[in-house]
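Chemist: The sequence shown maps to residues 65 to 674 in the working numbering. Heads up, the beta-carbon is just placed ideally off N, CA and C, and yes, glycines get one too.
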Amino acid sequence: MVAILISTGLISAPVGGWEPANNHSASSGATRAKDTGDKPHQQSLPDYNPYPPGIIPADLESEIARVLREVDFIENRALARWRALPSPIQTGQPPTLQNTGTESMETLGELMNFDPNMSPGKNQACSSCHMPYVAFSGPIPSVNATMIAYPGTVHFRAGKRTAQRYTYSPFFPVLQYNQDQALFFGGNFWDSRSTGFRLRNPDAEQAQHPPVDTQEMGNPDTACIAYKLSQSAYKPLFELVWGKASLDIRFPRDTERICATPGGAASFGGDTAPVKLKPKDRLRANEAYNHWGESIDSYEQSVQVSAFSSKFDAFIKGKYTMTQDEMAGYNLFKGKANCNSCHVDGRGTTLKPDQVDTSTAAAANPPLFTCFGSANEGVPLNPRVAFYYQTKPDALKFTANPLGFAYRDLGMGTFLRSGFGTAPNPNQNWTPLAPTVDGQFQVSTARNVAMAPPQCPTTEAPGAIVNGKNVGYFQKEFFHNGYIKSLKQLVHFYNTRDVYPYNVTSGHCPDGAIEKVNCWPMPEVRNNMDMTTGNLGLTDEEENQIVAFLQTLTDGFTRPYANSDTFTGTCATGGNAATQGNELLIPTPPLPPCASVVCNVAPAPSPAIP
65 MVAILISTGL ISAPVGGWEP ANNHSASSGA TRAKDTGDKP HQQSLPDYNP
115 YPPGIIPADL ESEIARVLRE VDFIENRALA RWRALPSPIQ TGQPPTLQNT
165 GTESMETLGE LMNFDPNMSP GKNQACSSCH MPYVAFSGPI PSVNATMIAY
215 PGTVHFRAGK RTAQRYTYSP FFPVLQYNQD QALFFGGNFW DSRSTGFRLR
265 NPDAEQAQHP PVDTQEMGNP DTACIAYKLS QSAYKPLFEL VWGKASLDIR
315 FPRDTERICA TPGGAASFGG DTAPVKLKPK DRLRANEAYN HWGESIDSYE
365 QSVQVSAFSS KFDAFIKGKY TMTQDEMAGY NLFKGKANCN SCHVDGRGTT
415 LKPDQVDTST AAAANPPLFT CFGSANEGVP LNPRVAFYYQ TKPDALKFTA
465 NPLGFAYRDL GMGTFLRSGF GTAPNPNQNW TPLAPTVDGQ FQVSTARNVA
515 MAPPQCPTTE APGAIVNGKN VGYFQKEFFH NGYIKSLKQL VHFYNTRDVY
565 PYNVTSGHCP DGAIEKVNCW PMPEVRNNMD MTTGNLGLTD EEENQIVAFL
615 QTLTDGFTRP YANSDTFTGT CATGGNAATQ GNELLIPTPP LPPCASVVCN
665 VAPAPSPAIP
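1. Return the chain-ordered list of same chain residues with a C-beta closer than 6 Å to the C-beta of C403, the five sequence neighbours on each side being excluded.
2. How many whole angstroms separate the CB atoms of N440 and V589, which I take to be in contact at a CB cut-off of 8 Å?
3. Determine contact between the segment 281–293 and the segment 238–258, defined as no fewer than three beta-carbon pairs at a distance below 8 Å.
4. Should F325 and P284 be called a contact, given that it needs their Cβ atoms to be closer than 8 Å?
5. For a quick check, are the C-beta atoms of A227 and Y214 less than 8 Å apart?
6. Alpha carbon to alpha carbon, how far is R257 from Q272?
7. When DSSP builds the beta bridges, which residues end up paired with G475?
8. Could you tell me which uninterrupted alpha helix (DSSP H) segments, each at least 4 residues in length, are contained entirely in the segment 350–383, listed from first to last along the chain?
9. How many Å lie between T630 and P674 at the Cα?
10. Looking only at C-alpha atoms, which of P457, Q454, Y452 and C406 sits nearest to F433?
11. Comparing C-alpha positions only, which one of P574, S233 and G475 sits nearest to V367?
12. Using a 10 Å radius around the Cβ and a threshold of 16 neighbouring Cβ atoms, would you call E174 buried or exposed?
13. To the nearest whole angstrom, what separates the beta carbons of P447 and T652, a pair I think is in contact under 8 Å?
14. Touching or not, the segment 360–376 and the segment 264–280, by the rule of three or more beta carbon pairs under 8 Å?
15. Quick check on DSSP: helix, strand or coil for P587?
16. Cβ of A612 within 8 Å of Cβ of K552?
17. Between the beta-carbon of T632 and the beta-carbon of G527, is there less than 8 Å?
18. Around the C-beta of R264, are 16 or more other C-beta atoms found within 10 angstroms, so that it is buried, or is it exposed?
19. Whole angstroms is fine: what's the gap from D450's alpha carbon to N429's?
20. Where does the unbroken beta strand (DSSP E) through K533 begin, and where does it stop?
21. Keeping to the same chain, check which residues put their C-beta closer than 8 Å to that of V535; ignore five residues upstream and five downstream.
22. With distance defined between alpha-carbon atoms, name the residue in V661, S374, I313 and M595 nearest to D482.
23. Output needed for S191: all residues of its chain with C-beta closer than 6 Å, excluding positions within five of it in sequence on either side, in chain order.
24. Pull up the distance between the alpha-carbon of P624 and that of F462, whole angstroms please.
25. Taking C-beta to C-beta, are F200 and V369 nearer than 8 Å?
26. When you compare only the Cα positions, how much space is there between P205 and S508?
27. From which residue to which residue does the alpha helix (DSSP H) around L172 run?
28. Among P150, Q157 and G185, which residue has its Cα nearest to the Cα of M677?
29. According to DSSP, simplified to helix, strand and coil, what is S192?
30. Give the DSSP-derived three-state secondary structure of M593 in the structure shown.
31. Might you give, ordered along the chain, the residues of its own chain that have their beta carbon closer than 7 Å to the beta carbon of Y394, omitting 5 neighbours on each side?
32. Identify, in the order they occur along the chain, each residue of the same chain with its Cβ nearer than 7 Å to the Cβ of N559, setting aside the five sequence neighbours on each side.
33. For A746, collect the residues of the same chain with a Cβ closer than 7 Å to its Cβ; drop the 5 residues on either side in sequence, then sort them by chain order.
34. Just how far apart, CA to CA, sit T72 and P496?
35. Residue ranges of each beta strand (DSSP E) run of no fewer than 3 residues wholly in the segment 539–584, ordered along the chain?
36. Could you tell me the alpha carbon to alpha carbon distance between D102 and D277, rounded to whole angstroms?
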């Protein structure tokens, strides 16, 4: 990876601008994408680039263009499938779309998910940050290696966390607090802020956040989605699923101008509903926005996304025999590595050699490999996160992060306080519990953690050997802030975090120590750390065996994974998984005290966060 990143100049700052397009997909007639180096569709705003050299990868614009071509291709695939689909029959009481109703709903969600016209610049789909060939996580290796969060409709605004995988997210329950266990379970997003309190469906509510997030799709008003749906090529499908009058909304004449202006613009004066609708039209627009979330949830719950088609799924049905390393890794996963105490696999945990697992093997209900809870694993602050540098206003006079490095990501704790950079907490009874979850982030499913494109079918350097040839690897990022760059590092972190702790920040390990090998910088947040891992006593071979097992959780083994064939980028080669990405480590600057709008919001963190 060193050779590829440096030889292509990926650690330099980009140049250039881009302009808006007319309808970008859905009627573009895109064919199989080819990476021709085309620039992204352009917007009239100048690029927002407050970043020091090395934060933004030099290939960012060409990679955004590449992903947009892939998005177009999938969108047109879905359009063709919809047009060939027999119409369902509405019948029964309550009315049901008989026969093809489910497929119609799922296809509608897919069309929404891959439609860049839903953003002000017509350049950002939901899928721009979540592509199928990486289990609907981040599709640009250089972003995963450098700036961590993905640019939104305004280039180059970006958020503060990695793009979480869609797969199996619909199975997370409504966020709830278990009083007996004194633990939260459920919700969507790293901080669980999509609670499901209104739709009773966290995944559907999750789909409602990015369209109006200033750092992502950036619409200034939720009504903009209803407006754009009313102009979409698949409007007839929306009306088939949700009713003929579902998009009958009288929009003001200035709606097009408003919805082409990114959210956060000073011209809105803080107004989050600048599209001035009459009450009945606002109600219908709100209903359409709910249907947006419900449709996308239907797609994400379908076999196209949450497929249950991995080697492990075949294994529990008796249709696959694990290799020696895979089986050893599974035994470690549910044994002394203690992985399945959070990434629940339906079995007990045998932490000591003399313990016997008397639990029943999962079969009828394939395990989801998550407890639906949250945990603080003590991950170091990552100074590469683009959000830290967005301290200056952009051309719209919007400043994403005036706090700079005084920002601390408290995860769920900040959400329960309705704090800076998150969503309002809908349950006042949860607010006093914020200090108990400071630093905690969602326990994502381990399923598909290893998914990579077929051309480079591994996340691990130096790459996969196929027919005696190294075909390379796909650079991913792990944990909420992308600090970890390989599964080997991830397992090694859980194994040795407390064996090699150093009271330094990232980029400052002492001479003779190698960061992520025998030096782990201090946690960003020490409060509520999970101490059940950190000193597991695993050997190097055992770490590798756990990685081998994690790779059995990748969908696409028993049948092809939908749209995994759409990657047109480049695989990386070289290096090794233990130090993968270390050539791009940068020193964390001296950290100012945590900003009061984060760390002094009642109820204050305990102990105080420096």
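Modeler: Per the coordinate set shown:
1. F397
2. 6 Å
3. no
4. The question names Phe, yet the displayed sequence has Thr at residue 325. A Cβ-Cβ contact shorter than 8 Å links T325 with P284.
5. yes
6. 12 Å
7. For G475, which the question treats as bridged, DSSP gives the partners Q504.
8. 375–380
9. 45 Å
10. C406
11. When each option's Cα is compared against that of V367, the closest is S233.
12. buried
13. The C-beta distance from P447 to T652 rounds to 4 Å, short enough to fall under 8 Å.
14. yes
15. strand
16. no
17. no
18. Answer is exposed; the Cβ neighbour count stays below 16.
19. For the record, residue 450 in the displayed sequence is Ala; it is not Asp. Distance between the alpha carbons of A450 and N429: 40 Å.
20. K533 to G536
21. Q519, C520, P521, G527, A528, I529 and C635
22. A small fix is needed here, since residue 482 is Ser in this sequence, not Asp. Comparing Cα positions, the closest option is V661.
23. Once the five neighbours on either side are set aside, the close Cβ partners of S191 are V135, N177 and F178.
24. 44 Å
25. yes
26. 21 Å
27. Looking at the DSSP string, the run of the alpha helix (DSSP H) that includes L172 is G165 to N177.
28. Look at the range of the chain in this structure, 65 to 674, and you will see that residue 677 is not part of it.
29. helix
30. DSSP places M593 in strand when its eight states are reduced to three.
31. Cβ within range, chain order: M386 and F613.
32. L600, L602 and E607
33. In the structure as shown, the chain starts at 65 and stops at 674, and residue 746 therefore has no counterpart that could be examined.
34. Here T72 scores only 33 on pLDDT, less than 50, and its place in the model is too uncertain to base an answer on.
35. none
36. Only weak support exists for where D102 lies, its pLDDT of 42 falling under 50; the coordinates are left without a value.
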